[in-house]
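Residues 2 to 80 (my numbering) are what the sequence shown spells out, left to right.
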Amino acid sequence: PMPTLREAAHRSGGALNDAFVAGVAGGLRRYHEKHGVGVGALHLSMPISLRAKDDAPGGNRITLMRFDIPVDLADPAER
């Protein structure tokens, strides 16, 4: 699945992570539709790496970024 996801991301002008988040948003959309709940967007917190290429191995250097993911859009490229 990884090569397919990566290819879909590049076709849409995004990165692998963008395609992954769009896929998760699509799954959440289907889940909420199945249960008759309309949702426009959901809040997501995602870790962002702060590591530089020359950092010593080991340990984590991250920060969290919070943003909304649109679960009401049917087209994955739009999400």
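All residues carry an ideal CB built from backbone N, CA and C; glycine is no exception.
8 Å is my cut-off, CB to CB: does residue i come that close to chain D?
i   : result
K35 : Of the chains in the structure shown, none is chain D; there is only one protein chain.
If you reduce the DSSP assignment to three classes, tell me which class residue i lands in.
i   : result
H33 : helix
A20 : helix
Using the C-alpha atoms, what's the distance from residue j back to residue i?
i   : j   : result
A75 : G27 : 7 Å
G41 : F68 : 13 Å
K54 : M66 : 21 Å
G15 : P2  : 17 Å
R12 : T5  : 11 Å
Whose C-alpha, out of the options, is nearest the C-alpha of residue i?
i   : options               : result
H44 : V25, A57 and R52      : V25
H33 : A57, R80 and V72      : V72
I49 : R62, G39, A57 and V38 : R62
Specify, as a first and last residue, the run of the alpha helix (DSSP H) that residue i falls within.
i  : result
L6 : M3 to R12
Considering residue i, what are the terminal residues of the beta strand (DSSP E) in which it resides?
i   : result
D69 : I63 to P71
A57 : Where A57 is concerned, there is no enclosing beta strand (DSSP E), given that its DSSP letter is neither H nor E.
P48 : A42 to S50
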